[in-house]
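Here is the structure we will look at, set down as structure tokens.
Numbering (our numbering), first residue to last: 160 to 364.
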């Protein structure tokens with residue numbers, strides 16, 4: 160059964176589902192799904208019976224913003240969607256807790272580009288942690304654009320979650336902390352339990 164969001168954000172070219180821990184958006188964790196992933200599927204996997212990342216986040220007072228990206232998007236276009244989501248979260252957040260922003264697959268690459276681009280433009284994204292789970296390896300033209308933006312965001316703490324055999328275009332030394340070896344199974348939890356627990360322990364308090 161798919162978890163029901165407390166709010167739906169209609170963004171340009173995308174939709175986000177918002178799950179608050181205490182009725183108001185106070186400590187947002189923005190997670191961009193892989194390209195073309197349906198929000199209902201993302202939500203079901205985030206609240207999977209074998210490991211519910213959603214429940215674990217809520218138990219610690221974190222809100223989850225699940226972002227669906229189009230199947231035919233580009234790194235720059237998807238990055239713009241993530242930037243719009245960050246801006247919306249900052250506008251609706253109560254208090255001044257830093258954001259956590261990241262994603263899985265193409266969503267991780269989009270979040271990487273989005274935050275790097277905001278820093279390049281000197282826009283304060285107020286993000287304390289950026290995480291990349293099995294991030295997509297950028298194409299050559301995307302790599303050049305990323306390099307122009309600095310390659311990755313430099314202000315937030317960078318957490319890298321990468322499975323065996325996954326090529327994400329990132330070297331281990333570029334991250335502040337890395338976990339490897341987990342395997343995400345199709346239809347299983349959005350993050351393997353070992354990855355979810357590891358990430359939770361490193362989120363802004």
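Ideal placement from N, C-alpha and C gives every residue a C-beta, glycine not left out.
The structure displayed is predicted, hence computed values, not measured ones.
query = In terms of DSSP beta bridges, what is residue 188 paired with?
reply = 223 and 259
query = Given a threshold of 16 other Cβ atoms within 10 Å of its Cβ, counted over all protein chains shown, does residue 274 qualify as buried or as exposed?
reply = buried
Cα-Cα separation between residue 239 and residue 220, rounded to whole angstroms = 28 Å
request  = Find the nearest neighbour of residue 178 within the set 226, 328, 286 and 345, judged by alpha-carbon distance.
outcome  = 226
Of the residues 223, 264 and 279, the one placed nearest residue 125, counting alpha carbons only = For residue 125 there is no data in the structure shown, the boundaries of the chain being 160 and 364.
task = Give every residue of the same chain whose Cβ lies closer than 8 Å to the Cβ of residue 316, excluding the five residues on either side of it in the sequence, and list them in chain order.
result = 287, 288, 289, 335, 336 and 361
Whole runs of the beta strand (DSSP E) within the segment 291-352, excluding any shorter than 3 residues = 316-321 and 336-339
Residue 310 versus residue 213 - alpha carbon distance = 30 Å
Pick from 190, 200, 325 and 333 that is closest to residue 216, judged by C-alpha positions = 190
task = Taking residue 314 as the reference, give the member of 174, 323 and 281 with the closest Cα.
result = 281
key: Which of helix, strand or coil DSSP assigns to residue 197   = coil
ask   = What is the rounded straight-line gap between the Cα of residue 298 and the Cα of residue 231?
value = 15 Å
key: Alpha-carbon to alpha-carbon, residue 296 and residue 324   = 12 Å
Burial state of residue 211, where buried means 16 or more other Cβ atoms lie within 10 Å = buried
task = Report back the beta-carbon spacing between residue 291 and residue 267 to the nearest angstrom; my notes put them in contact at under 8 Å.
result = 4 Å
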